[in-house]
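Single-structure report; data block below.
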Amino acid sequence: MKEADYNRIAKYYDDVIGIGFDTDKYLKEKIRRYNKNVRSVLELGCGTGNNLLPFAENIELTGIDISEEMLKIARKKLPRCIFYRMDIREFRLDNKFDLIICLYDTLNHLLLFSDWKKLFANISRHLNAGGLFIFDINTLAKLEYFSAISPFMHEFNSGYLIVNVKKIFRNTFNWNLMIFENKKKNQYTLLDHNIKESSFETGKISEELTKHFIIKRIEDEKSRKAGEQNERVFFVCVKK
């Protein structure tokens with residue numbers, strides 16, 4: 483995961499990411515259920531800041547992302563939020579939080595499970611007692627499915643995104659993104675970009691999580707019990 487991976491596509495990010503899922507509603511329901519006293523939130527891989535936007539004025543907001551271009555957009559949306567340009571694998575902050583989130587398959591961008599293990603331990607160190615850790619992943623089943631049906635296309639405001647997912651190792655897949663932007667009538671520019679993702683079995687992830695957290699739920703975006711065959715899986719965890 484390199485800064486350049488997302489600097490190049492930052493200007494397109496809000497048009498093509500997160501469509502069709504009410505993140506605000508999902509997070510607020512988990513807070514009501516598991517920790518009604520959330521007063522501080524940290525997002526890892528915050529991108530352009532959309533997931534932090536819905537939180538109330540009395541909640542302290544912090545975001546970490548490796549892409550300075552993403553953070554430039556986020557700062558304009560959330561001037562009261564504290565942002566850091568850091569690699570989420572190595573982040574170190576002086577304060578602790580009531581809620582840490584890591585959404586839209588950010589964790590999948592860590593290609594080695596050893597990095598997932600280090601991240602889980604680090605998140606635990608940055609949570610207050612009883613703090614929540616909520617993240618999602620693209621499952622292996624989803625990545626295998628996308629590689630089977632690729633390429634596919636998404637139309638956005640100023641052009642088209644063509645995605646081609648291919649398996650390159652047992653757990654690792656390459657996402658080729660071809661972004662065609664309409665600059666003038668019938669004249670397009672092309673951005674051709676590759677991003678790699680890895681995923682692992684939910685049982686393997688759960689085993690590592692239980693060293694630091696109590697797993698409250700493993701579910702889909704509609705809060706239904708989920709497992710290996712779901713495409714997107716959320717883990718809702720409380721610090722031990």
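Start counting at 1 in the sequence shown, then tack on 482, and there's your number in my numbering.
By construction, the Cβ of each residue, glycine as well, lies at the ideal position given by its N, Cα and C atoms.
Taking C-alpha atoms, which residue in the options lies nearest to residue i?
| i | options | result |
| --- | --- | --- |
| V647 | S522, N664, F565, M635 | M635 |
| N639 | D497, N489, R490 | D497 |
| E511 | A623, L691, I616 | I616 |
| I650 | L575, L622, Y494, K559 | L622 |
| Y494 | R699, E710, L672, E701 | L672 |
| Q669 | G641, E626, H675 | G641 |
| A556 | N658, N532, F537, C719 | N532 |
| K554 | K578, E539, N540, I491 | I491 |
| N489 | T530, D506, E689 | T530 |
| D674 | Y586, E542, I661, E683 | I661 |
| H694 | W598, R562, E663 | W598 |
| G545 | A538, R567, F716 | R567 |
| L560 | L593, F537, S549 | F537 |
According to DSSP, simplified to helix, strand and coil, what is residue i?
| i | result |
| --- | --- |
| D496 | helix |
| N591 | It should be noted that the sequence gives His, not Asn, for residue 591. Note: H591 maps to helix in three-state DSSP. |
| Y586 | coil |
| G641 | strand |
| N664 | strand |
| D671 | Reading the sequence as shown, one finds Thr at residue 671 and not Asp. Reduced to three states, the DSSP call for T671 is strand. |
| K707 | strand |
| E683 | coil |
| T505 | helix |
| Y713 | Note that residue 713 is Glu in the sequence shown, not Tyr. Three-state result, E713: coil. |
| R514 | helix |
| L534 | coil |
Using DSSP's beta-bridge definition, name the partner residues of residue i.
| i | result |
| --- | --- |
| N656 | K648, K678 |
| G529 | Per DSSP, none; premise fails for G529. |
| S522 | E542 |
| R699 | V718 |
| F634 | V645 |
(request) Give a yes or no on contact between the stretch 701 to 714 and the stretch 598 to 617, applying the rule of three or more CB pairs nearer than 8 Å. (result) No, the stretch 701 to 714 does not touch the stretch 598 to 617.
(request) Note down, one range per segment and in chain order, each beta strand (DSSP E) of at least 3 residues found wholly within the stretch 548 to 631. (result) 564 to 567, 579 to 584, 609 to 620
(request) Would you check if the stretch 576 to 591 and the stretch 517 to 531 touch, i.e. whether three or more CB-CB distances between them fall below 8 Å? (result) Note that the stretch 517 to 531 touches the stretch 576 to 591; at least 3 beta-carbon pairs, one per stretch, sit closer than 8 Å.
(message) Tell me whether the stretch 648 to 657 and the stretch 670 to 690 touch, counting them as touching only if at least three CB pairs, one residue from each stretch, are closer than 8 Å.
(response) yes
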